[in-house]
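Numbering (mature numbering (1 follows the signal peptide of the UniProt record, and there is no 0)), first residue to last: -32 to -1, 1 to 296.
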């Protein structure tokens, strides 16, 4: 009887303890996964966008390299095809001349020459044929040499073209992975009512800063885009990415910039200025060349920031990670 009591009293604390432990685990689990705040979500999105900026910049650069390589390859391939066709036409022309000369009984045709009794006339006719054949043969040989050289250039271009295509495919896959992560954060921002979809038809705001000349024209264009959404690869008119905006803005001022952030920075190798001496219209580049904006004057910058945001004017102090500036 005493043993039965001990067993029963032994089970009660164990069961109760097990239930209590489960309840504590559930409470601890609930406390370990609190709903993220707007600030936390935006911070997470900022980190993802920084990563995305670099991947997408590399993708855009790979895309531009691919387009250039394809253009060069197609151009050389077209020239090679025309060259080969030209050589075939020349060969056909040489045969046609020979046939026509034979049929017309011209002095330089073989039947006419063979009936010449005057040795000097015969020798002159043979020399004429030999000169004609030698001249055309030299021309054909020159074309064939040029064709071999062109084929070599085409084959090299094909290697570059194939390499650029592979790189583009690699970065396209990376870009898809990053976009999935950013899309997840966008959904969180939407649930928190913190997502700014922008207005593709926004007329922007007027530029009233100190810029003049071409810089003023570029900034007037950029300010007219304020409120339009950021989009990867956006080149207008309803959405922009960072380098697409700077390129279009300066195009409006008559200055041709390359497409990507990296290209724009390289293009401005001889036009770089200190961040301490920037002027309105100067291009401002972030560390790692993942982002570019434009100095508006009065300590402000206009740019297309990131996914979930719009073209806007911000204090320059809000972008402390700038690495350099270029004056177009």
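Idealized CB from N, CA, C, for every residue including glycine.
Quiz prompt | Residue interval of the beta strand (DSSP E) (run including residue 254) | solution = Numbered from 1 along the chain shown, position 286 holds the residue referred to as residue 254. Looking at the DSSP string, the run of the beta strand (DSSP E) that includes residue 254 is 251 to 254.
Practice problem: Can you check DSSP and say which residues form a bridge with residue 203? | Solution: Within the chain shown, numbered from 1, the residue matching residue 203 stands at position 235. Residue 203 is bridged to 208.
Quiz item: From this set, 293, 117, 11 and 119, which residue's C-alpha is nearest residue 243's C-alpha?
Solution: Here the question's residue 243 lines up with position 275 in the chain shown. Residue 293 is the option with its Cα nearest to residue 243.
Quiz item: What residue from 5, 266, 291 and 249 has the CA that sits closest to residue 255's CA?
Solution: On the chain shown, residue 255 is found 287 positions in, with the first residue counted as 1. Nearest of 5, 266, 291 and 249 to residue 255, Cα basis: 291.
Practice problem: Report the rounded CA-to-CA distance for residue 208 versus residue 57, giving the unit in angstroms. | Solution: For the purposes of this step, residue 208 is taken as the residue at position 240 of the chain shown. For the purposes of this step, residue 57 is taken as the residue at position 89 of the chain shown. Rounded to the nearest angstrom, the two C-alpha atoms are 51 Å apart.
Practice problem: Starting from residue 290, trace the beta strand (DSSP E) both ways and give me its first and last residue. | Solution: Position 322 of the chain shown, counted from the start, is the residue given in the question as residue 290. Unbroken beta strand (DSSP E) run through residue 290: 290 to 294.
Quiz item: Which residue's Cα is closest to the Cα of residue 181: 249, 135 and 173?
Solution: Residue mapping note: residue 181 aligns to position 213 of the chain shown, counting from 1. Of the candidates 249, 135 and 173, the one whose C-alpha sits nearest the C-alpha of residue 181 is 249.
Quiz item: Is it right to say residue 279 is buried, meaning 16 or more other beta carbons lie within 10 angstroms of its own, or is it exposed?
Solution: Counting from 1 along the chain shown, the entry for residue 279 is found at position 311. It counts as buried.
Quiz prompt | Same chain, Cβ closer than 6 Å to residue 20, five either side skipped, listed in chain order | solution = Counting from one through the chain shown, the residue named residue 20 turns up at place 52. Cβ neighbours of residue 20 beyond the five flanking positions: 146 and 150.
Quiz item: Mind checking residue 171: buried by the 16 CB within 10 Å criterion, or exposed?
Solution: For the purposes of this step, residue 171 is taken as residue 203 along the chain shown, with counting starting at 1. By the neighbour-count rule (16 or more Cβ atoms within 10 Å), residue 171 is not buried but exposed.
Self-check item: N-terminal and C-terminal residue of the beta strand (DSSP E) that residue 267 is part of
Solution: Residue numbering aside, residue 267 sits at position 299 when the chain shown is read from its first letter. Segment: none, residue 267 is in no beta strand (DSSP E) and carries neither H nor E.
Exercise. Look up residue 227 in the DSSP assignment and give the residues it is bridged to.
Key: Against the chain shown, residue 227 aligns to sequence position 259. Paired residues: none, contrary to the question.
Quiz item: Going by C-alpha distance, which of 198, 284, 262 and 257 is nearest residue 277?
Solution: Counting from 1 along the chain shown, the entry for residue 277 is found at position 309. Nearest option by C-alpha distance: 198.
Quiz item: Whose C-beta lies closer than 7 Å to the C-beta of residue 160 among residues of the same chain, with five residues either side of it excluded?
Solution: Position 192 of the chain shown, counting from 1, holds the residue named residue 160. Answer for residue 160: 6 and 9, listed in chain order.
Self-check item: Whole-angstrom distance between residue 205 and residue 169, CA atom to CA atom
Solution: In the chain shown, counting from the first residue as 1, residue 169 sits at position 201. In the chain shown, counting from the first residue as 1, residue 205 sits at position 237. If I take the Cα positions, the gap works out to 9 Å.
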